[in-house]
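In this note's numbering, the protein residues as written are 8 to 292. Just so you know, even glycine gets a beta-carbon here, dropped at the ideal spot from N, CA and C. The structure displayed is predicted, hence computed values, not measured ones.
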């Protein structure tokens, strides 16, 4: 996706790159006598000898030593670079007319080819493609869920919303006793002062305070006012965090304590000045 400012930036960047390339050719390359590699020289001389055996003429350049190699700006690649910004203005980004679609379609046909008996191949390839298209339409119409997915409907993330920051399932299937959890992880620095920190976090949420700063200190009486029934909390398998991609689409990352547990977020602290916090999501047994 491009805007007017990004296209202007692309044009300015190309102008700077062009000046750098010409300077590289005129000064840096001129200071060195670059020649072809030994294998390139051998291949060239081999072709020349083959032409001579077939009655062709051998140029003096072919029989000499290594040829001089110059940095060549007179190629289509460099010529076309000047038209990139104008082309995007007229036709849109290269995603609209890329050759990737045709290349991927060709890859599908190559995958179908071993399924044929090599007789009347075009017709058989067309049948396989038509069958795949029909199955895809059926799946889209009926909402078929892959058999490899074992998530329950309650754990599945909701449809992506522009207002939603994250999603955690309201599941009570995995109760965790706080004191049993601390006893099993005794000595682990990750659970040091776990319950006071948990109560602090709950107070932040209940009072609508800014969690990113965590600069408020609660008293023991305030912490004791937080009642956790039966000292039980509930563990879920995943958490989805939503974000907006560079092309303005809504996507989400999944945090899994057993597979993708390391996270990085912007720091809300004024000091020290390191911009990020790093954490590991704990998993209950």
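Residue nearest to residue 88 within the set 23, 191, 208, 226 is 23 (criterion: CA-CA distance). Minimum Cα-Cα distance from residue 265 among the listed residues 245, 110, 140, 80 corresponds to 245. The shortest C-alpha to C-alpha distance from residue 100 to any of 254, 269, 122, 41 is the one to 254. A direct Cα-to-Cα measurement between residue 45 and residue 197 gives close to 60 Å. Residue 286 carries a strand assignment under DSSP once its states are collapsed to helix, strand and coil. The DSSP-derived three-state label of residue 260 is strand.
The three-state secondary structure of residue 88, taken from DSSP, is helix. A distance of 8 Å or more separates the beta carbons of residue 283 and residue 173. A direct Cα-to-Cα measurement between residue 236 and residue 107 gives close to 57 Å. Look at residue 209 here: in three-state DSSP terms it is helix. In the structure shown, residue 93 adopts helical secondary structure according to DSSP, grouped into three states. Taking C-beta atoms as the reference points, residue 181 and residue 241 count as a pair closer than 8 Å. The region 13-32 and the region 90-97 touch, with three or more beta-carbon pairs separated by less than 8 Å. If the five residues before and after residue 271 are omitted, its C-beta is found closer than 6 Å to the C-beta atoms of 283, 285, all from its own chain and listed in chain order.
Nearest to residue 274 by C-alpha distance, out of 217, 233, 193, 228, is 217. Runs of the beta strand (DSSP E) spanning 3 or more residues and lying entirely within the region 110-147 do not occur at all. Partner residues in the beta bridge of residue 239, as assigned by DSSP, are 184. The secondary-structure analysis by DSSP pairs residue 173 across a beta bridge with 248. For residue 256, the number of other beta carbons within 10 angstroms of its own is below 16, and it is reported as exposed.
Residue range 227-231 is occupied by the alpha helix (DSSP H) that includes residue 227. Contact between residue 135 and residue 122 holds, since their C-beta atoms are separated by about 6 Å, short of 8 Å.
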